[in-house]
Amino acid sequence: MLDAAITVPDRVVGLVLVGATVPGIPPTPDLSSAFDDEETALRDGDIDRARELNLRLWVDGVGRRSDGVPAGVRDTVAGWLDDLLPRQAAQVRAPTGEARLLDPPVGDRLGDITAPSLVVVGQHDQPWVRMTAQRLARLNG
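Residues 24 to 164, numbered by our numbering, are exactly what the sequence shown covers, in order.
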(Lines of atoms letter the chains of each structure in order from A; the text may use other names.)
(Lines give C-alpha, C1' and ligand atoms only; values in the text may rest on other atoms or scores of the structure.)
Protein backbone atom coordinates (compact mmCIF):
# COMPACT_ATOMS: atom_id res chain seq x y z
CA MET A 24 0.00 0.00 0.00
CA LEU A 25 2.90 2.35 0.65
CA ASP A 26 4.05 1.81 -2.94
CA ALA A 27 0.65 2.96 -4.17
CA ALA A 28 0.68 5.99 -1.86
CA ILE A 29 3.96 7.01 -3.54
CA THR A 30 3.33 6.04 -7.15
CA VAL A 31 -0.36 6.94 -7.51
CA PRO A 32 -1.09 9.31 -4.61
CA ASP A 33 -4.32 10.53 -6.23
CA ARG A 34 -5.77 7.01 -5.76
CA VAL A 35 -4.98 6.76 -2.03
CA VAL A 36 -7.24 8.71 0.33
CA GLY A 37 -5.68 7.43 3.54
CA LEU A 38 -3.54 4.73 5.09
CA VAL A 39 -4.01 2.51 8.14
CA LEU A 40 -0.63 0.95 8.85
CA VAL A 41 -0.70 -1.79 11.51
CA GLY A 42 2.67 -3.21 12.51
CA ALA A 43 3.93 -2.10 9.11
CA THR A 44 7.40 -2.71 7.81
CA VAL A 45 8.95 -0.70 5.02
CA PRO A 46 11.18 -1.88 2.18
CA GLY A 47 14.50 -0.07 2.45
CA ILE A 48 14.47 0.08 6.27
CA PRO A 49 16.70 -2.83 7.28
CA PRO A 50 15.73 -5.01 10.24
CA THR A 51 17.73 -5.02 13.45
CA PRO A 52 20.63 -7.50 13.56
CA ASP A 53 18.70 -9.82 15.93
CA LEU A 54 15.66 -9.84 13.68
CA SER A 55 17.79 -10.31 10.57
CA SER A 56 19.36 -13.35 12.25
CA ALA A 57 15.89 -14.70 13.07
CA PHE A 58 14.84 -14.22 9.43
CA ASP A 59 17.95 -16.17 8.38
CA ASP A 60 17.05 -18.96 10.83
CA GLU A 61 13.53 -19.11 9.43
CA GLU A 62 14.80 -19.24 5.86
CA THR A 63 17.17 -22.08 6.79
CA ALA A 64 14.31 -23.99 8.42
CA LEU A 65 12.14 -23.47 5.33
CA ARG A 66 14.95 -24.50 2.98
CA ASP A 67 15.41 -27.66 5.10
CA GLY A 68 11.67 -28.33 5.02
CA ASP A 69 11.45 -27.97 8.82
CA ILE A 70 7.99 -26.39 8.95
CA ASP A 71 7.66 -27.03 12.69
CA ARG A 72 10.79 -24.98 13.43
CA ALA A 73 9.75 -22.20 11.04
CA ARG A 74 6.31 -22.09 12.69
CA GLU A 75 7.80 -21.83 16.18
CA LEU A 76 10.24 -19.10 15.10
CA ASN A 77 7.32 -17.13 13.64
CA LEU A 78 5.19 -17.58 16.73
CA ARG A 79 8.01 -16.40 18.99
CA LEU A 80 8.75 -13.36 16.83
CA TRP A 81 5.28 -12.16 15.95
CA VAL A 82 2.84 -13.63 18.49
CA ASP A 83 4.81 -13.87 21.71
CA GLY A 84 6.53 -10.59 20.96
CA VAL A 85 9.26 -8.82 22.83
CA GLY A 86 9.40 -9.11 26.60
CA ARG A 87 6.74 -11.80 26.84
CA ARG A 88 6.93 -15.60 26.97
CA SER A 89 4.67 -17.93 25.04
CA ASP A 90 2.73 -18.70 28.23
CA GLY A 91 1.82 -14.99 28.37
CA VAL A 92 -0.21 -15.29 25.17
CA PRO A 93 -3.65 -16.92 25.24
CA ALA A 94 -3.37 -20.44 23.77
CA GLY A 95 -6.21 -19.72 21.37
CA VAL A 96 -4.22 -16.89 19.80
CA ARG A 97 -1.11 -19.03 19.31
CA ASP A 98 -3.24 -21.90 17.99
CA THR A 99 -5.06 -19.67 15.50
CA VAL A 100 -1.86 -18.13 14.16
CA ALA A 101 -0.19 -21.57 14.07
CA GLY A 102 -3.07 -22.74 11.85
CA TRP A 103 -2.51 -19.81 9.48
CA LEU A 104 1.20 -20.58 9.41
CA ASP A 105 0.49 -24.24 8.64
CA ASP A 106 -1.25 -23.04 5.48
CA LEU A 107 1.36 -20.42 4.59
CA LEU A 108 4.73 -21.92 5.46
CA PRO A 109 4.70 -24.92 3.07
CA ARG A 110 4.12 -22.49 0.18
CA GLN A 111 6.83 -20.20 1.51
CA ALA A 112 9.20 -23.18 1.85
CA ALA A 113 8.57 -24.11 -1.78
CA GLN A 114 9.34 -20.52 -2.80
CA VAL A 115 12.60 -20.51 -0.79
CA ARG A 116 13.69 -23.81 -2.34
CA ALA A 117 12.72 -22.85 -5.91
CA PRO A 118 12.24 -19.08 -6.28
CA THR A 119 9.93 -18.04 -9.08
CA GLY A 120 11.17 -14.47 -9.23
CA GLU A 121 12.16 -11.49 -7.20
CA ALA A 122 9.74 -8.98 -5.79
CA ARG A 123 10.02 -5.72 -7.65
CA LEU A 124 10.73 -2.88 -5.28
CA LEU A 125 10.50 0.80 -5.96
CA ASP A 126 13.77 2.45 -6.85
CA PRO A 127 14.67 4.33 -4.73
CA PRO A 128 13.01 2.16 -2.05
CA VAL A 129 9.95 3.23 -0.08
CA GLY A 130 12.10 3.79 3.02
CA ASP A 131 13.91 6.58 1.20
CA ARG A 132 10.67 8.13 -0.10
CA LEU A 133 8.43 8.33 2.96
CA GLY A 134 8.35 12.12 2.59
CA ASP A 135 6.53 11.64 -0.74
CA ILE A 136 3.48 10.19 1.00
CA THR A 137 0.75 12.80 1.28
CA ALA A 138 -2.20 10.65 2.38
CA PRO A 139 -3.34 10.99 5.99
CA SER A 140 -2.04 8.00 7.90
CA LEU A 141 -2.99 6.13 11.06
CA VAL A 142 -0.02 4.17 12.39
CA VAL A 143 -0.65 1.39 14.93
CA VAL A 144 2.01 -0.61 16.74
CA GLY A 145 1.85 -2.99 19.70
CA GLN A 146 3.66 -2.86 23.00
CA HIS A 147 5.25 -6.26 22.33
CA ASP A 148 6.12 -5.67 18.67
CA GLN A 149 9.69 -6.10 17.52
CA PRO A 150 11.91 -3.02 18.00
CA TRP A 151 12.28 -2.75 14.20
CA VAL A 152 8.50 -2.56 13.81
CA ARG A 153 8.23 0.08 16.57
CA MET A 154 11.09 2.13 15.03
CA THR A 155 9.45 1.90 11.61
CA ALA A 156 6.12 2.99 13.13
CA GLN A 157 7.81 6.06 14.60
CA ARG A 158 9.18 7.00 11.17
CA LEU A 159 5.79 6.44 9.57
CA ALA A 160 3.98 8.46 12.25
CA ARG A 161 6.11 11.49 11.37
CA LEU A 162 4.54 11.50 7.89
CA ASN A 163 1.62 13.58 9.07
CA GLY A 164 3.58 15.68 11.50
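Where is the CB? At the ideal position from N, CA and C, for every residue including glycine.
Q149 is the residue among R158, T155, L141 and Q149 whose C-alpha sits nearest the C-alpha of R79.
If you draw a straight line from the Cα of F58 to the Cα of V36, it is about 33 angstroms long. Spatial neighbours of R34 in its own chain (CB-CB distance under 7 angstroms, excluding positions within 5 residues in sequence) are listed in chain order as A27.
Annotated three-state conformation of V36 is coil, per DSSP. Taking the C-beta atoms as reference points, V100 is found no nearer than 7 angstroms to E62. In the structure shown, V142 falls within a strand segment according to DSSP collapsed to helix, strand and coil. According to the DSSP assignment, G102 belongs to the alpha helix (DSSP H) that extends over A94 to R116.
In this structure, G47 lies near V129, with their beta-carbon atoms less than 7 angstroms apart. Among the bridge pairs identified by DSSP, V41 is matched with V143. Around the beta carbon of R74, a 10 Å sphere encloses 16 or more other beta carbons of the protein chains shown; the residue is thus reported as buried. When DSSP states are grouped into helix, strand and coil, M24 belongs to the coil group.
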